[in-house]
Ligand SMILES: Nc1nc2c(c(=O)[nH]1)N[C@H]1C(S)=C(S)[C@@H](COP(=O)(O)O)O[C@H]1N2
Ligand SMILES: [Mo]
């Protein structure tokens, strides 16, 4: 934690200097590289993936934010949840966690909230600026207590592609990035169905297809093997999209 603050305070241009400083302080090194944190700490120190995505002013928000991919999951299960205004919807948080959770929208609203105005970039070549609000994914994962073996977070959605749920995954660096949130609000209103009601991922350092809509389940796993075709997401499995879609 100390080391991480040092890196952030150092700013993007000073990451290497910050890294050097970290490595030379034995007590900081112990904290940063202790056991399970080694993987995460090392990646952060080497790649500056803590850098924030640009945030915008309210007057820069796009007057129209198009929808893409699924615009309504349309399954009987989803239709029933939607008819009940998502009162019966729960987000399952499971996998390699100490305390599996089932969270209602009210539960998610009880976490500290983050609001951010960011630009969504779709690989198909369009962008839009919108405001998103929700708890940090990292806070939710901490509430569940990640087990030591966890390496990736897998998101399972309510919409089906060829009979299987849309899914996506990110690593722990992105999962604990401060702008990675589980958004239940867009532009100061509840998410509408087109944009992923009742909950979607915002992972602002990556392209649009990583931002899973219609979230049903968040699972911590040690490996992506055996999930879908093993490449970490619907588009990665079925088209040649990269798993890492950094921008
Ligand atoms: N569950 C689910 N999530 C999804 C998709 C989808 O089809 N299903 N499409 C992705 C793509 S390609 C983009 S660009 C964004 C579109 O988000 P929007 O509809 O809010 O613009 O959602 C992403 N997340
Ligand atoms: Mo996209």
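Residue numbers (our numbering): 667 to 913.
Just so it is clear, CB atoms sit at the ideal spot from N, CA and C, and this is done for glycine as well.
Fair warning: this is a prediction, and the values are worked out from it, not measured in the lab.
- Query: Listed by chain order, which residues have C-beta atoms less than 7 Å from any heavy atom of ligand 3?
  - Reply: The model on display carries ligand 1 and ligand 2 but not ligand 3.
Whole beta strand (DSSP E) runs in the segment 726-774 with 3 or more residues, listed along the chain?
757-761 and 767-769
**Message:** For residue 895, count the other beta carbons within 10 Å of its own beta carbon; 16 or more makes it buried, fewer makes it exposed. Which is it?
**Reply:** Here residue 895 refers to the residue found at position 229 when the chain shown is read from its first residue. Counting Cβ neighbours within 10 Å, residue 895 comes out exposed, since fewer than 16 surround it.
- List the endpoints of the continuous beta strand (DSSP E) containing residue 825. One-based indexing of the chain shown puts residue 825 at position 159. Here the beta strand (DSSP E) through residue 825 covers 818-827.
Whole-angstrom distance between residue 753 and residue 903, CA atom to CA atom
Stepping through the chain shown from its first residue, residue 903 is reached at position 237. Stepping through the chain shown from its first residue, residue 753 is reached at position 87. Going by the C-alpha atoms only, they are around 33 Å apart.
Neighbour-count burial assignment, residue 870, 16 or more Cβ in a 10 Å radius: Position 204 of the chain shown, counted from the first residue, corresponds to residue 870. Residue 870 is buried by the Cβ-count criterion.
### Message
Pairs of beta-carbons, one from the segment 816-826 and one from the segment 873-881, closer than 8 Å: are there three or more?
### Response
yes
Problem set entry | Nearest-angstrom Cβ-Cβ length linking residue 885 and residue 804, presumed shorter than 8 Å | The residue labelled residue 885 in the question sits at position 219 within the chain shown. The residue labelled residue 804 in the question sits at position 138 within the chain shown. Actually they are not in contact, since the Cβ atoms of residue 885 and residue 804 sit about 15 Å apart, beyond 8 Å.
Practice task
Identify which residue in 810, 785, 797 and 863 has its Cα closest to the Cα of residue 767.
Solution key: Within the chain shown, residue 767 is the residue found at index 101, counting from 1. The residue with the shortest Cα to Cα distance from residue 767 is 810.
Considering only their Cβ atoms, is the gap separating residue 785 from residue 720 smaller than 9 Å?
Here residue 720 is taken as the residue at index 54 of the chain shown, counted from 1. Here residue 785 is taken as the residue at index 119 of the chain shown, counted from 1. Yes, the pair counts as a contact, with Cβ atoms nearer than the cut-off.
Could you check how far apart the C-beta atoms of residue 864 and residue 769 are, in whole angstroms? I think they sit under 8 Å. Working through the chain shown from its first residue, we reach residue 864 at position 198. Working through the chain shown from its first residue, we reach residue 769 at position 103. Between residue 769 and residue 864 the Cβ distance is about 11 Å, and since that is not below 8 Å, they are no contact.
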